[in-house]
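With positions in the sequence shown counted from 1, the corresponding number in the numbering used here is that position plus 386. From the three backbone atoms N, C-alpha and C, an ideal C-beta is built for every residue, glycine too. In this text the structure is predicted, and so the values were computed from the model without any measurement.
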Amino acid sequence: MLATRLTALLGIRHPIVQGGMSWASSNAELALAVSEAGGLGVIAAGPMYPDDLRAAIARVRAGTRQPFAVNVPLYNKRAAEFLDIVLETGVPVIIASQGGPKAHIGRFKEAGVTWIQVTANPLHARKAEDAGVDAVIAVGGEAGGHPGPDEVGTLVLVRATVNAVTVPVIGAGGIADGAGIAAMLALGASGAQLGTRFLLTPESGLHAAYKDLVLNAGIGDTAIVGRGRSPIRMVKNAFSAEYEAAANRGADDAELDALFARSSLRQAAKDGDVAQGKVEAGQSAGLIDKLEPAGELVERLAREAEAALSGAASCIR
């Protein structure tokens, strides 16, 4: 076992957090498997209806005694209701993203809920710490979905965030194996969050065509789409090529906004339209060559991380 400040804070066996990914982990199955195996499983509330979120929480609670989390994007139109559900159902950990914690965190601290904040730069991490969060996730530019607008790589961002705050830091972006987890610990982080790696599991709630496209992607097969707006990292497809062509020929903001809005994550994740939908995934897709059950994956990642750290220590004379 790798005992860190994060494992102590959350009461988990391994310093491994499954990313809260809309549609992929907007269910009970993935979070349940990860938590039961000793990591922190995360239900992604974003695209869920409130009753479906309640049902997923109940199913995870019925299937494991281990801690789990709900990810709430604070910009979401249903965020207030999601936050109420987290409190009402006694979820032990909330992971908040895309919005600041200050307006909400008080009642969660009173209820004993652990609050983890997703951040994209050290300044935001420091502000989150000042607001009272228990830990921060530092998401580097390699990550799928919504990386920070500055696109700073994980290696630099995690180290800068560790230097900026005193709460535990969880490194994220470009991590697909135990060596990546070991790298985060070597940088001073207390754990690692993996998104794309857990996306490629049988338990993730994505269309098979989505998984196939990500599984066959190389490390250079993703692109940032929507710079200057709400940028996302996704696997290159017909939509991303069309958007890039429009941006390169100097299309105006109205045309780019309309083009960006024409495609959605749901289109790919639920309907299987991986040509025109937004197939969000990180550069670590190129490090993954198979689907793997989430519970077995957690156990393998933990073994690999221990081996990587032992191997690094053996270099010291």
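Measuring only from the beta carbon, is G406 closer than 6 Å to any heavy atom that is part of the ligand MG? The ligand MG is not among the ligands present in this structure, which contains no ligands whatsoever.
If we count the other Cβ atoms within 10 Å of its Cβ and call it buried at 16 or more, is E641 buried or exposed? Under this definition E641 is an exposed residue.
Measure the alpha-carbon distance for T450 versus T393 and round it to whole angstroms. Their backbone Cα atoms lie some 17 Å apart in a straight line.
With C-beta atoms as the reference, is L586 less than 7 Å away from K597? Taking 7 Å as the Cβ cut-off, L586 and K597 qualify as a contacting pair.
Taking 8 Å as the limit between beta carbons, can you name the residues of its chain near T390, skipping five residues before and five after? If you ignore the 5 residues before and after T390, its C-beta comes within less than 8 Å of the C-beta of P401, P554, L571, S576 and G577, all in its own chain and listed in chain order.
For E528, count neighbouring Cβ atoms within 10 angstroms of its own Cβ and tell me buried if that reaches 16, exposed if not. In summary, E528 is buried, with 16 or more beta-carbon neighbours lying within 10 Å of its beta-carbon over all protein chains present.
From A632 to I618, what does the alpha carbon distance come to, in whole angstroms? C-alpha separation (whole angstroms): 16 Å.
Please give me, in chain order, every unbroken run of the beta strand (DSSP E) with length at least 3 that falls completely inside the segment 458-518. Entirely contained in the segment 458-518, the beta strand (DSSP E) runs reaching 3 residues are, in chain order, 479-483 and 500-505.
Test item: CB-CB of V504 and I523 under 7 Å: Going by C-beta atoms, V504 is nearer than 7 Å to I523.
Any contact between the segment 409-428 and the segment 452-467? By contact I mean 3 or more CB pairs, one from each, below 8 Å. Contact holds between the segment 409-428 and the segment 452-467, because three or more Cβ pairs, one in each stretch, are under 8 Å apart.
How many angstroms separate the CA atom of G663 from the CA atom of L395? Spanning the two alpha carbons is a distance of roughly 38 Å.
Nonlocal neighbours in the same chain, by C-beta distance under 6 Å from Y629, ignoring five residues either side: Once the five neighbours on either side are set aside, the close Cβ partners of Y629 are V611 and L645.
Beta-carbon gap between A517 and P478 smaller than 7 Å: In this structure, P478 does not lie closer than 7 Å to A517 by Cβ.
Nearest-angstrom Cα separation, counted from A562 out to K676: Rounded to the nearest whole angstrom, the CA to CA distance from K676 to A562 is 12 Å.
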